[in-house]
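Structure record follows, encoded as C-alpha cells.
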Amino acid sequence: MKKVLWLTLLTTLTLTLGACGNNQNTAPKSSSSSSSKTSTAQQVSSSSTATATNDTNFKDGVLTVPEAKLKITKTQVAHNNEDNEDGLIVWYTITNQSQQNIEPEDILKRLAFHQNDGNASYTLEDDFDAAEALYSDEAQQDKFENEVEDLADNDLQPGKTVETVAGIELRNTNNPVTVINQARQDQTFTINLK
C-alpha cells in the first residue's frame, strides 16, 4: 500500500514539476513532451503493479502478502432468523508479518467472494451478521462480537496472530463460493456449501 502511495505521489510531483517548468518550446513539442512524461508514468505504474502482484499469493485458502498471512480455517453456512438471510461464516487466522500494526479486515478485503447461481456470477458482500446467526441470546451475541468479530477491526501488532470471522451474505445455499485473490485473479479457492 505504501509503495502505491509513494508511486502516486512521485508521479503527481513529476507531472506537476514538468508542467510548471520554463517551457520555451513551441506547442507541438510541448505536446510531445507531455506525452512522453505520461508514458514514463504509465511504465512506472505498471512495474509497481507487477511487483505488488508478485508479492501476493493465494493457494489452498492461504493468502500471503508482504505484511501478513491470512488462512481460512473453517467455514459454515448459517441462517439469520432476524433478517431471514443465509450467510457464510468464514473463520480465519491472520498473522502480522510487518513492523507496523495492521487491521485484519484490511487484509481480508484483498479477497473477493463470488457465487454463481447458474445464470449469473455475483460478488458477495461481507455484511452478514454472524453473531445473530450463531446465537439467539443477545448477551451471547455481544460476547461473540466483543471477543471474536471485533478483532477484525482492531489493530494487530507486529508478530501477533488472531482468529476472527467474516460474515458473507449468500445468494443461495446450494452453489459453491469462489474466493478470488484480487491482485491475481487466477488464484482462487472454492468453498463447497454442502
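Throughout the sequence shown, residue numbering follows mature numbering (1 follows the signal peptide of the UniProt record, and there is no 0), covering -19 to -1, 1 to 175 in sequence. Where a beta carbon is used, it is the ideal one built from N, C-alpha and C, also for glycine.
8 Å contact criterion, which residue i and residue j should meet: CB distance rounded
i, j, result
"Asn162", "Thr37", "6 Å"
"Asp167", "Asn82", "Incorrect: roughly 31 Å between the Cβ atoms, too far for contact."
"Ala49", "Asp107", "That pair is no contact at about 17 Å."
For residue i, three-class secondary structure by DSSP
i, result
"Phe125", "helix"
"Leu105", "coil"
"Asn100", "coil"
"Asn38", "strand"
"Leu89", "helix"
"Leu44", "strand"
"Leu174", "coil"
Span of the beta strand (DSSP E) around residue i
i, result
"Glu130", "Glu130 -> no beta strand (DSSP E), and no H or E assigned at all."
"Ile149", "Thr142 to Glu150"
"Ala164", "Counting along the chain, Ala164 falls outside any beta strand (DSSP E), and DSSP gives it neither H nor E."
"Ile75", "Glu66 to Asn77"
"Leu51", "Ala49 to Asn61"
Contact set for residue i: own chain, Cβ-Cβ below 7 Å, skip 5 residues either direction
i, result
"Gln80", "Pro139"
Unbroken alpha helix (DSSP H) run spanning residue i, endpoints
i, result
"Glu113", "Ala111 to Leu115"
Practice task
Would you check if the region 61 to 78 and the region 129 to 147 touch, i.e. whether three or more CB-CB distances between them fall below 8 Å?
Solution key: yes
Handout entry: At least 3 beta-carbon pairs within less than 8 Å: the region 103 to 115 vs the region 53 to 69
Key = yes
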